[in-house]
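Peer 1:
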Amino acid sequence: IRALIGEVKSARSERDKLTHLVKDSKVRRGGLNDEIRAKIEEAKKLNKEKNELIRKHNLSDDPSRLKKEIEELDYKIETEAPSPAEEKQLMKIIKEKKKMYEQAKGVSTIFEKIHALSAEIDKLKYKSDETHKKIQGRAAISQEKHQEMIETVKGLDDLRAQEKEAGEKYFSIKKEFDTVNEQLQTKLMELGQLQGHVGAVKKEEYRHHKKIEQVRRTNEHATLAQKKREIEQKFKQKKKLTTEDIIAMQG
Numbered sequence: 002i003r004a005l006i007g008e009v010k011s012a013r014s015e016r017d018k019l020t021h022l023v024k025d026s027k028v029r030r031g032g033l034n035d036e037i038r039a040k041i042e043e044a045k046k047l048n049k050e051k052n053e054l055i056r057k058h059n060l061s062d063d064p065s066r067l068k069k070e071i072e073e074l075d076y077k078i079e080t081e082a083p084s085p086a087e088e089k090q091l092m093k094i095i096k097e098k099k100k101m102y103e104q105a106k107g108v109s110t111i112f113e114k115i116h117a118l119s120a121e122i123d124k125l126k127y128k129s130d131e132t133h134k135k136i137q138g139r140a141a142i143s144q145e146k147h148q149e150m151i152e153t154v155k156g157l158d159d160l161r162a163q164e165k166e167a168g169e170k171y172f173s174i175k176k177e178f179d180t181v182n183e184q185l186q187t188k189l190m191e192l193g194q195l196q197g198h199v200g201a202v203k204k205e206e207y208r209h210h211k212k213i214e215q216v217r218r219t220n221e222h223a224t225l226a227q228k229k230r231e232i233e234q235k236f237k238q239k240k241k242l243t244t245e246d247i248i249a250m251q252g
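Quick note: the sequence shown uses our numbering, first residue 2, plus one each step.
1) How would you call Ser-84, buried or exposed, if buried means at least 16 neighbouring beta carbons within 10 angstroms?
2) Measure the alpha-carbon distance for Arg-208 versus Gly-168 and round it to whole angstroms.
3) Pick out whichever of Arg-56, Lys-99, Ala-44, Glu-79 has its Cα sitting closest to the Cα of Glu-70.
4) Note down, one range per segment and in chain order, each alpha helix (DSSP H) of at least 4 residues found wholly within the segment 76–157.
5) Quick one: is Arg-139 buried, meaning 16 or more other Cβ sit within 10 Å of its Cβ, or exposed?
6) Buried or exposed: which applies to Leu-195, given that a residue is buried once 16 or more other Cβ atoms fall within 10 Å of its Cβ?
7) Is Ala-39 closer than 8 Å to Ile-115 when the C-beta atoms are compared?
8) When the Cα atoms are used, what is the spatial distance from Ala-117 to Ile-142?
9) Which same chain residues end up closer than 8 Å to Ile-111 when comparing Cβ atoms and leaving out the 5 residues on each side of it in sequence?
10) Of the choices Met-92, Lys-68, Glu-73, Ile-136, whose alpha-carbon is the least far from that of Glu-103?
11) Between Ile-37 and Ser-129, which are expected to be in contact by the criterion C-beta below 8 Å, what is the C-beta distance as a whole number of angstroms?
12) Just how far apart, CA to CA, sit Ile-122 and Lys-27?
13) Please report the straight-line C-alpha distance between Gln-184 and Phe-172, rounded to a whole angstrom.
14) For Thr-243, which three-state DSSP category applies?
15) Use the C-beta contact count for Thr-219: other C-beta atoms within 10 angstroms, 16 or more gives buried, fewer gives exposed.
Quick look at the structure:
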C-alpha cells in the first residue's frame, strides 16, 4: 500500500506540473493571439491607407516589386546581349516601370510597413501554433497521468478494502480464539482441581487399603496364634489332630 501511495503522489505531482505548464502556455498563447489580432488590425489600417494612395496616384503595383523587376531587366540586358530591337523594347519597358516606380516611391514606406507587419504576423502565428501543439501534447500527458493516478487510487482503495476485511477477519478469529482459550484455561483449571481431588482420593484409598491390610494381617496372625494354641492343647491332651490342624502348624 505504501508503494501505491508513493505512485499516487508521484503521478499527482507530475500531473500538477503539467497542468501548470499547460495553464502558462495557454496564457502565453492568449497573449500571442491578442498580439496577432492587434497586428492584423494594424495591417488592415495600412492596407486601407495603401489602397487610398494607390487610387490617388493611380498605381498598379508594389514599388518594391517594380524596383526588383527593373533590376532584373537591367541584368538581362547586361548578361544576355539582346538584339538592338529587343534591347530597345526592354529599355522602353524599363523606362515605363521607372516612371511608375518614381510615382510609387511616395507610398513605398507603407508597402514596407505592410510587408514587415505581415512577416511579424506570420512569425507570431507560427509561435502561437507551436505553443498550441505544446499545450495539446502536455494536456494529453497530463490526462494520462491523471488517468494513471485514478487507476492507482482505485487499486489502493481495493487494497484498503481487502486490508480492512482481513483485519476484521483477524479480530473475529482472535476473539473466537480468546473465548476458546479462556474456556480451555477454565477447563484446565477444573481438571487440575479434579486431578488434585482424584489424587487425594487415591491417596486416602491407599491409606485405607493399607490399614485394612494391616488389620487383616493382624487378625490372621491372631487367628493363627489361637489355632496353634488350640493344636498345642490338643497335642498335650493327646487328642487326634486333623489335616487342617497339621497345615496350621506348618504355617
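Every residue, glycine too, gets a C-beta built ideally from N, C-alpha and C.
Peer 2: The answer reads as follows:
1) exposed
2) 58 Å
3) Lys-99
4) Complete alpha helix (DSSP H) runs here, min 4: 85–105.
5) buried
6) exposed
7) Taking 8 Å as the Cβ cut-off, Ile-115 and Ala-39 do not qualify as a contacting pair.
8) 38 Å
9) Leu-47, Glu-50, Lys-51, Leu-54
10) Lys-68
11) Between Ser-129 and Ile-37 the Cβ distance is about 6 Å, and since that is below 8 Å, they are a contact.
12) 19 Å
13) So the alpha carbons of these two residues sit roughly 18 Å apart.
14) Coil at Thr-243, not helix or strand.
15) exposed
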